[in-house]
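Residues in the sequence shown are numbered from 1 upward in steps of one, following UniProt numbering. Just so you know, even glycine gets a beta-carbon here, dropped at the ideal spot from N, CA and C. What you are looking at is a predicted structure, and each value in this text was computed from that prediction instead of being measured.
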Amino acid sequence: MSRPVRVLSLYEGFFAGGARILHSDLVSGLHSSAGQEHAVLSIASAAGRESTVQQMEDDPRYRRLRAAGVGITALGRTAGVHPPERTSFTDEELLRAADAVAAADVVLSLKEQPVGLLLALRDRGLIPDVPVAVCLHRSDPLHSGPALGWLVEATATGLVTATVSCAESTSEAYARAGVTADSRFVIANGIDTDRFRPGDTAGDRATRDRLGISDGAPVVVFAARFDAMKDPGLFLRSAAAHARTDPDTHYVLCGAGMTWDNAAFAALAHESGVAPSSRVHPLGIVEDMPSVYRIADIVALTSAFGEASPLCLVEGAACGATPVTTDVGDAARRVEGIGVVTSHDASEIAAAWTDVLAGRGGLREAALASRPRFGRDRMIEEYRSAVEDLVAARAAEDVALAG
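As structure tokens, then:
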């Protein structure tokens with residue numbers, strides 16, 4: 001193929017979340033290099049999630065893609081808790097989607113939720129003949145709701161030809177759930193280590209001053225949306241237990257819905273024994289996460305299920321924080337040698353935080369030494385190769401059919 005490979009990514013919408021951060025970073029990286037041209041089709045242009053309404057144009061991922069020259073088309077819906085059913089799409093929406101898909105050589109679906117749109121196109125006889133890969137970022141597909149059934153159907157009928165999983169646990173879980181794509185790729189997450197890096201004294205002091213955290217005070221960061229999957233209650237109970245024995249530590253919570261203005265968060269904090277104080281900082285959505293990670297001693301993850309290869313752990317580690325995580329997905333594998341894996345018991349988590357803070361010097365050195373293994377360049381090249389493999393396989397099929 002003499003021209004660049006044209007790749008279309010399907011998004012359910014633009015709203016805060018690790019998978020969207022990673023995929024948008026990936027698309028920006030691939031689009032800016034030779035050989036591929038990327039575009040995005042988003043089902044929604046706004047999202048009501050985690051007790052907040054997030055507009056597409058306000059989303060950092062959207063702005064980054066536009067700045068990179070990636071074309072973005074939206075069908076104009078508002079995303080909610082559940083993805084749109086295949087029967088809900090209008091003729092106008094399907095015609096616009098069909099045009100976008102027909103202009104691509106390969107389609108990448110960000111998670112399984114947009115597969116309903118592809119099935120709707122096929123149901124109406126509008127699906128162009130292009131290879132489709134679904135990028136998977138969960139380790140518990142049974143929590144995907146109806147979207148799992150859509151993906152099982154789409155792979156069984158050949159509509160979806162490949163899956164790209166961010167973790168071995170993800171690939172294995174979806175295979176057990178009946179996802180039978182012809183090709184299965186596993187490409188571990190990578191981050192921009194130029195962005196996620198250690199700070200400097202002046203910058204770190206400015207962040208501490210902005211948050212009201214004194215120099216030298218220990219900091220535990222929790223970067224997650226307010227969602228049952230992330231188990232914010234477990235983090236809050238752990239913070240309450242830890243604060244009883246360590247009165248100097250500050251607890252910073254970042255993510256959609258993590259604010260006192262969210263009544264559900266405030267109620268959960270009260271139930272967990274955490275009251276508003278100068279040492280508890282629920283910041284909500286934070287665009288400049290590196291500045292927060294750079295003042296952190298610990299980046300905590302208390303997820304109950306669903307995680308595959310959590311970005312927050314490696315983002316924090318790349319800035320010098322020590323990951324402390326529950327054993328979900330590939331989290332234990334990602335923090336091996338640089339972090340701590342705990343049970344889902346608040347007292348054990350609090351004790352682990354205490355131990356980490358007591359040995360911070362060596363642990364920080366280990367985190368920073370791990371930076372090369374977390375870089376995104378390897379991820380981008382592996383995705384480039386996967387896309388090229390899909391194009392080559394389809395070309396070979398066309399030659400065989402012609403013969």
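For residue i: DSSP bridge partner residues
i: residue 11; result: 42
i: residue 109; result: 10, 134
i: residue 301; result: 325
i: residue 48; result: 53
i: residue 222; result: 253, 300
i: residue 183; result: 162
i: residue 5; result: 36
DSSP three-state assignment for residue i, whether helix, strand or coil
i: residue 101; result: helix
i: residue 37; result: strand
i: residue 387; result: helix
i: residue 72; result: strand
i: residue 405; result: Any property of residue 405 remains undetermined from this structure, which presents the chain solely from 1 to 403.
i: residue 375; result: strand
i: residue 81; result: coil
i: residue 250; result: strand
i: residue 191; result: strand
i: residue 343; result: coil
i: residue 89; result: coil
i: residue 465; result: Because the chain is modelled from 1 through 403, residue 465 falls outside the range shown and cannot be assessed.
i: residue 228; result: helix
i: residue 407; result: Since the first residue of the chain shown is 1 and the last is 403, residue 407 is not available in this structure.
i: residue 198; result: coil
i: residue 359; result: coil
i: residue 349; result: helix
i: residue 213; result: coil
i: residue 114; result: coil
i: residue 58; result: helix
i: residue 28; result: helix
i: residue 367; result: helix
Same chain, Cβ closer than 7 Å to residue i, five either side skipped, listed in chain order
i: residue 210; result: none
i: residue 102; result: 128
i: residue 25; result: 192, 376
i: residue 367; result: 317, 320, 321, 322, 338
i: residue 19; result: 110, 111, 137
i: residue 38; result: 7, 9, 27, 30, 31, 70
i: residue 124; result: 94
i: residue 231; result: 302, 303, 304
Own chain, CB closer than 6 Å to residue i, minus 5 neighbours either side, in chain order
i: residue 77; result: 43, 44
i: residue 241; result: 346, 347, 350
i: residue 273; result: 240
i: residue 217; result: 248, 250
Chain C within 8 Å of residue i, Cβ atoms only
i: residue 350; result: As a matter of chain content, chain C is missing from the structure shown, which is built from one protein chain.
Same chain, Cβ closer than 8 Å to residue i, five either side skipped, listed in chain order
i: residue 275; result: 269
i: residue 356; result: 297, 298, 322, 324, 340, 363
i: residue 215; result: 205, 208
i: residue 152; result: 177, 178, 179, 180
i: residue 245; result: 350, 354
i: residue 100; result: 8, 39, 41, 73
i: residue 79; result: 12, 13, 15, 43, 44, 46, 47, 48, 49
Would the segment 161-178 and the segment 134-148 be scored as touching if the rule is three or more Cβ pairs under 8 Å?
The segment 161-178, when compared against the segment 134-148, does touch it at the 8 Å Cβ threshold.
4-residue-minimum alpha helix (DSSP H) runs that sit fully inside the segment 256-320, ordered along the chain
For secondary structure counted as the alpha helix (DSSP H) over 4 or more consecutive residues, the segment 256-320 holds these complete runs in sequence order: 263-272, 289-294, 311-318.
Taking one C-beta from the segment 325-338 and one from the segment 375-391 each time, how about it: are there three or more such pairs within less than 8 Å?
Result no; under three Cβ-Cβ pairs closer than 8 Å.
At least three beta-carbon pairs within less than 8 Å, the segment 132-139 to the segment 98-112
Under the three-pair Cβ rule at 8 Å, the segment 132-139 counts as touching the segment 98-112.
Is there contact between the segment 308-326 and the segment 191-198, where contact requires at least three CB pairs shorter than 8 Å?
By the Cβ criterion, the segment 308-326 is in contact with the segment 191-198, since at least three pairs of Cβ atoms, one from each stretch, lie closer than 8 Å.
Does the pairing of the segment 278-294 with the segment 388-396 give three or more beta-carbon distances under 8 Å?
Contact between the segment 278-294 and the segment 388-396 is absent: fewer than 3 CB-CB pairs across the two stretches fall below 8 Å.
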